[in-house]
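Engineer: Numbering (the working numbering), first residue to last: 18 to 300.
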Amino acid sequence: MVAKVINGKELSMELKKEIKREVENLHQQNVIPHLTVILVGNNPASRSYVNGKKRASEEVGISSEIIELSESVSEKELLDIIHQLNNNERVHGILVQLPLPEQINVQHVIESIDPKKDVDGFHPVNIGRMMTGQDTFLPCTPYGIIKMLQSKNITIEGKHAVVLGRSNIVGKPVGQLLLNEHATVTYCHSKTKSVTEITKQADILVVAIGRPNAINKEHIKEGAVVIDVGINRLEDGRLTGDVDFESAAELASYITPVPRGVGPMTITMLLHNTLKAAKEMVI
Ligand code: NAP
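#1: Going along the chain, which residues of its own chain have a beta-carbon closer than 8 Å to the beta-carbon of Ile215, five neighbours each way excluded?
#2: Considering only heavy atoms of ligand 1, does any lie closer than 6 Å to the CB of Lys210?
#3: Can you tell me the Cβ-Cβ gap for Gly247 and Gly227, rounded? I've got them flagged as a contact below 8 Å.
#4: Tell me where the beta strand (DSSP E) around His51 begins and ends.
#5: Specify, as a first and last residue, the run of the alpha helix (DSSP H) that Ser63 falls within.
#6: With C-beta atoms as the reference, is Ala265 less than 7 Å away from Ile221?
#7: Looking at His125 and ligand 3, is the gap between the Cβ and the nearest heavy atom below 6 Å?
#8: Is Ser207 near ligand 1, judged by its Cβ being under 6 Å from some heavy atom?
#9: With distance defined between alpha-carbon atoms, name the residue in Val243, Ser184, Gly145, Arg250 nearest to Phe262.
#10: Run through the region 101-133 for me and flag every whole alpha helix (DSSP H) of 4 or more residues, listed as ranges in chain order.
#11: Please classify Val299: is it buried, with 16 or more other beta-carbons within 10 angstroms of its beta-carbon, or exposed?
#12: With 16 other CB atoms within 10 Å as the buried threshold, where does Asp259 fall?
#13: Assuming contact is defined by CB atoms lying nearer than 7 Å, are Ile49 and Ile84 in contact in what I supplied?
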């Protein structure tokens, strides 16, 4: 293996120390940053993500609560709860864990959250602010990826970044953040022709397709930085990314592992955003 590993777990521990210090400062001003997470239904992966977010919040002194709603909750009931949280001064951040059951329109839910409490950074107001390069809540996974690149002083400016995947929560915003950092960005998706020809041109390759080990050394150029966003559960219970780590690490200059890669950074940037929301309400 030649690639250096960008360890998201270690970086997130460093960032959490800084967040904890700032949270303690707020405590001294009698402000307790508070995150409310809404979990609808009983999806085991969602439940585990939500519990992870609560645990991480507590580690840094952010108070958090999980509101659990049944799988059959109506859109109106959910929107009413969000409305109450928007008006609750004690609540700084609101996160609705996705996916949601089919009777609920996800976009209605995202747009009902006060943009000032939208710590996931999914509200169109915050997405627009991100696109126009203004200060805002950046979506957590893409923001974490930029922090990972910066932590290793990897130059983004002038580089060709290829993003595999165009979801609203990962692919599109990570491409936008790379563009904001002056990369030249190409998106690939399921309808892209000759994907390998494009990925082989990438200086920075971000893979967010949800297909276990789909990308290997055949798809990358020597020296590329490879960021694996995928989280896939194999039949034997192991977690794996979208990138075949062992193979890609033979050619890459830097690579992120799964687990201990992008995942812990996502949660850490959520804490960062909740702290930001609390600080902005104090001002
Ligand atoms: P998603 O909504 O399912 O989107 C997948 C994207 O990949 C789509 O844009 C799809 O194209 C594209 N795609 C699928 N197969 C492809 C292929 N063979 N070549 C090129 N593009 C392809 O997934 P997501 O929510 O973005 O998540 C992606 C992965 O990241 C999943 O494994 C998820 O669990 C993981 N994830 C991890 C974190 C973290 O914190 N590490 C956070 C979020 C998600 P079309 O648009 O044409 O369908």
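Ideal Cβ positions, reconstructed from N, Cα and C, are used throughout, including at glycine.
Structural biologist: To lay it out plainly:
#1: Val179, Thr203, Cys205, Thr209
#2: Checking the Cβ of Lys210 against ligand 1 gives no.
#3: That pair is a contact at about 6 Å.
#4: 51-57
#5: 61-76
#6: no
#7: This structure does not include ligand 3; its bound ligands are ligand 1.
#8: Under cutoff, so the answer is yes.
#9: Among Val243, Ser184, Gly145, Arg250, the Cα nearest to that of Phe262 belongs to Val243.
#10: Here the runs fully enclosed are 123-129.
#11: exposed
#12: buried
#13: no
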